[in-house]
Each structure stands twice: as structure tokens, then as C-alpha cells.
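First comes the structure, then the notes that go with it.
What follows is the structure, given as C-alpha cells:
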């Protein structure tokens, strides 16, 4: 879903006139940052690191919200474009908040297992370890 936000941001903001293109570029970067931080956090082996990256993604979500709010107030985007961005923003923001809460509960209960790498690479001979000599 975060990728759709990037696509929509690019479609809307890349058409901006040159004087506001830098600001539009920063908005696209904020949208990209959400997706990248979710992905990087997921690939970490620690729930605490994952949560940290999810919170960074949530901050980028707020940054992006601020950008398109400003564009709307400056009449740089249409009502329709604003509505699309706003609906997508709240879906992603609420999804991130739900995921963060869920992971915080798992962390508190001690239910998190760092098995990502084990599942990902268990069928590759290089990663199959044995105590046999």
C-alpha cells in the first residue's frame, strides 16, 4: 500500500511547475521513506529495531501529510488529488499504528521470535549448519 502512495505522489507532484518542484521532490522522498523504513525494519532481527523503523516510517507518514496539506492550501493540487492522497495516508498511518501496537504487545509478552533468517535461508546449503565432524 505504501508503494501506491509513492506512485500517486509521483503522478501528482512530477507535474508541478519548476519553482515548486524541489518541494514536490521532498514530498516524493517522504513517501519513499515510508516504504523503505518498513522494509528495512522488517529485515532486522530484533523486534526493537523493527519497531524503531516503523516509528520512523510513521514520522515520514506525518511529514508527507504535512506536504500535501500545504500543497492543498496553496492550490497546487486539486480537491480530487487531495482526497486520494488523504485516504491513502490514513490507511497507511492506521496500518502502521496497528502493526506497532501488535508488535509492542508481542514484545511485552515475550512472543517475538527472531526466525526470519532461519526461514529465509534454511534450504540453502551454505546456511545449513551441523555439529557433525
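Residue numbers (the numbering used here): 1151 to 1283.
Even for Gly, the Cβ is constructed at its ideal location relative to N, Cα and C.
Buried or exposed by the 16-neighbour rule on C-beta atoms within 10 Å, applied to residue 1226: buried
Those runs of the beta strand (DSSP E) which lie wholly inside the region 1165-1239 and span at least 3 residues: When DSSP assignments are scanned along the region 1165-1239, no uninterrupted stretch of beta strand (DSSP E) that is 3 or more residues long falls wholly within it.
Cα-Cα separation between residue 1204 and residue 1198, rounded to whole angstroms: 10 Å
Spatial neighbours of residue 1246 in its chain, beta-carbon cut-off 7 Å, leaving aside the 5 residues before and after: Cβ neighbours of residue 1246 within its own chain (closer than 7 Å, five residues either side excluded): 1204, 1207, 1208, 1211.
Length of the line joining the Cα atoms of residue 1200 and residue 1255: 13 Å
Collapsed DSSP secondary structure at residue 1282 in the structure displayed: Legend: pLDDT at residue 1282 = 45, less than 50; position of this residue unreliable, no value from coordinates given.
Inter-residue spacing [alpha-carbon to alpha-carbon] between residue 1220 and residue 1261: The C-alpha of residue 1220 lies about 42 Å from the C-alpha of residue 1261.
Residue 1263 (DSSP reduced to helix, strand or coil): coil
Spatial distance of residue 1239 from residue 1215 (CA atoms): 7 Å
Nearest-angstrom Cα separation, counted from residue 1224 out to residue 1233: 15 Å
Cβ-Cβ distance between residue 1242 and residue 1184 below 8 Å: yes
Cβ shell of residue 1188 (< 8 Å), same chain only, five flanking positions each side left out: 1152, 1203, 1204, 1207, 1246
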